[in-house]
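Report on the following structure.
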Ligand SMILES: *Cc1c(COP(=O)(O)O)cnc(C)c1O
């Protein structure tokens, strides 16, 4: 955190923030830090202060900032061909699609850009499959979703969000969704019927605060979907691609969904790349002109996505996440439950991903995030009193200890 030459001042930080507040919509409430460089798990602000990135772009940066393999592949492709539109073939989409199909164990993929677009794609495919394959009468399809979900920001997706801030005054809302309690198998069993085409869920709820469902729940969802003849759609945009120690979080219960929804880390932290992966008998309902995207499957995206998939196929990131996750769990234990508002009331960890609930009477999540920042750790609060910890999977053991020490200090006081 020492300052070296050529760096700005607190006045420059303030000026950058004022400019953003003046000219960009206030749709976020960022911590007061202005970043200008990143390498691996570390970022540097305009004043030359270094921080351990424990948010990782909501898990888009699983491989860290500027991973050399990803940078090299992207730079090579940038200079060669970046965008063709899908009106023509490009030489990168085929290899990427084949590799991602192999990684997911599915027949085919449909590439998009952002996570929300991939979720929308899964919803459209599910509905079409429901009408054309399952035989649901026109406009009668329903999709079951979970309380506390986060699937993105489109008008349809916020229609089935139960987060007031994300949803209020964006109506009229898209019909056709039913909400059940996350983790409650019986509630799901009661919600599905002959017209249910899909059950959409996050195998771990990320924005919800790293909420891990009870053991057996994902297997129950699989069985309920099978009985109801509905598609199990797993939104693994945040939980997937090694974050939880497995390629997909569904693997923790040896469950294979019908549709994987992927994004975030699929773009290696360089570029938005998303996709759904599913089998031929489901994806064949998509015909030319019935869905698309100008940028989806572009050669730059495909080249980066392909390198990401190649790195994941080697298994190193999954192993690191598992190993470092055990260390993180161990280090966090002493911060649990003094009952006096100076500790954590609950810690949920899956791989290198943790949700830390601050004890009632303790500082707010925002205050803890600001104190963490002062200790050189960047993390973000969610739902008022939860801190989410998700460092890039390239962090070292010492850096995991460093971040837990910072949490302990942040809880103890300014
Ligand atoms: C981030 C996220 C999304 C939305 O992705 P965007 O790229 O922001 O549109 C959807 N689902 C989950 C589980 C996410 O974490």
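Numbering (this note's numbering), first residue to last: 10 to 423. We put the CB at the ideal spot given by N, CA and C, even for glycine.
Rank the options by C-alpha distance to the C-alpha of residue i and give the top, closest one.
{"i": "residue 171", "options": "155, 184 and 185", "result": "155"}
{"i": "residue 216", "options": "37, 51, 364 and 49", "result": "364"}
{"i": "residue 193", "options": "173, 187 and 230", "result": "230"}
{"i": "residue 159", "options": "125, 137 and 140", "result": "125"}
{"i": "residue 393", "options": "403, 380 and 367", "result": "367"}
{"i": "residue 157", "options": "85, 314, 64 and 219", "result": "219"}
{"i": "residue 304", "options": "17, 92, 60 and 76", "result": "92"}
{"i": "residue 258", "options": "58, 116 and 358", "result": "358"}
{"i": "residue 402", "options": "382, 388 and 362", "result": "362"}
{"i": "residue 290", "options": "139, 388, 340 and 225", "result": "139"}
{"i": "residue 133", "options": "102, 62, 301 and 180", "result": "301"}
{"i": "residue 112", "options": "341, 323 and 67", "result": "323"}
{"i": "residue 311", "options": "405, 63, 68 and 102", "result": "102"}
{"i": "residue 337", "options": "376, 296, 378 and 413", "result": "413"}
{"i": "residue 263", "options": "296, 224 and 287", "result": "224"}
{"i": "residue 234", "options": "90, 266 and 137", "result": "266"}
{"i": "residue 369", "options": "420, 78, 232 and 335", "result": "420"}
{"i": "residue 382", "options": "23, 34 and 61", "result": "61"}
Going by DSSP, what residues sit across from residue i in a beta bridge?
{"i": "residue 320", "result": "Paired residues: none, contrary to the question."}
{"i": "residue 59", "result": "53"}
{"i": "residue 365", "result": "356 and 396"}
{"i": "residue 431", "result": "Not covered by the structure: residue 431. The range shown for the chain is 10 to 423."}
{"i": "residue 283", "result": "121"}
{"i": "residue 151", "result": "205"}
{"i": "residue 8", "result": "Here the chain comprises residues numbered 10 to 423, so residue 8 is not present and cannot be evaluated."}
{"i": "residue 86", "result": "Bridge partners of residue 86: none, in fact."}
{"i": "residue 186", "result": "152"}
{"i": "residue 382", "result": "Per DSSP, none; premise fails for residue 382."}
{"i": "residue 267", "result": "Paired residues: none, contrary to the question."}
{"i": "residue 16", "result": "For residue 16, which the question treats as bridged, DSSP gives no partner whatsoever."}
I need the straight-line Cα distance from residue i to residue j, nearest angstrom please.
{"i": "residue 83", "j": "residue 144", "result": "44 Å"}
{"i": "residue 346", "j": "residue 176", "result": "34 Å"}
{"i": "residue 203", "j": "residue 147", "result": "13 Å"}
{"i": "residue 88", "j": "residue 191", "result": "46 Å"}
{"i": "residue 74", "j": "residue 150", "result": "42 Å"}
{"i": "residue 121", "j": "residue 343", "result": "43 Å"}
{"i": "residue 178", "j": "residue 162", "result": "13 Å"}
{"i": "residue 59", "j": "residue 416", "result": "17 Å"}
{"i": "residue 253", "j": "residue 298", "result": "36 Å"}
{"i": "residue 274", "j": "residue 198", "result": "33 Å"}
{"i": "residue 43", "j": "residue 398", "result": "20 Å"}
{"i": "residue 17", "j": "residue 57", "result": "7 Å"}
{"i": "residue 282", "j": "residue 349", "result": "45 Å"}
{"i": "residue 85", "j": "residue 100", "result": "14 Å"}
{"i": "residue 294", "j": "residue 117", "result": "12 Å"}
{"i": "residue 228", "j": "residue 195", "result": "13 Å"}
{"i": "residue 208", "j": "residue 409", "result": "36 Å"}
{"i": "residue 104", "j": "residue 279", "result": "19 Å"}
{"i": "residue 261", "j": "residue 250", "result": "13 Å"}
{"i": "residue 214", "j": "residue 360", "result": "14 Å"}
{"i": "residue 371", "j": "residue 114", "result": "45 Å"}
{"i": "residue 332", "j": "residue 37", "result": "33 Å"}
{"i": "residue 384", "j": "residue 339", "result": "21 Å"}
{"i": "residue 418", "j": "residue 387", "result": "14 Å"}
{"i": "residue 308", "j": "residue 109", "result": "15 Å"}
{"i": "residue 328", "j": "residue 181", "result": "46 Å"}
{"i": "residue 152", "j": "residue 200", "result": "10 Å"}
Among the residues of its own chain, which have a CB less than 6 Å from the CB of residue i, if the five just before and after it don't count?
{"i": "residue 285", "result": "119, 127, 130, 131, 268 and 270"}
{"i": "residue 21", "result": "55"}
{"i": "residue 210", "result": "155"}
{"i": "residue 70", "result": "278 and 401"}
{"i": "residue 106", "result": "118"}
Closer than 7 Å by C-beta to residue i: which residues in its own chain qualify, once you throw out the five before and the five after it? Chain order, please.
{"i": "residue 222", "result": "191 and 192"}
{"i": "residue 76", "result": "277"}
{"i": "residue 423", "result": "380"}
{"i": "residue 212", "result": "227, 243, 245, 248, 258 and 259"}
Sorted by chain position, which residues of the same chain lie with C-beta nearer than 8 Å to residue i's C-beta, five sequence neighbours on each side aside?
{"i": "residue 373", "result": "367, 390, 393 and 394"}
{"i": "residue 25", "result": "43 and 55"}
{"i": "residue 66", "result": "273 and 278"}
Q) Contact between the segment 349 to 356 and the segment 25 to 32: three or more CB pairs below 8 Å? A) Look at the beta carbons and you see the segment 349 to 356 not touching the segment 25 to 32: under three pairs across the two are nearer than 8 Å.
Q. If you pair each beta-carbon of the segment 236 to 246 with each one of the segment 178 to 195, do three or more pairs fall below 8 Å?
A. no
Q) Would you call the segment 243 to 260 and the segment 49 to 64 touching, i.e. three or more CB-CB distances under 8 Å? A) no
Q) Within the chosen definition, does the segment 204 to 214 reach the segment 90 to 97 through at least 3 CB pairs nearer than 8 Å? A) no
Q. Does the segment 305 to 323 touch the segment 161 to 168, meaning 3 or more C-beta pairs lie closer than 8 Å?
A. no
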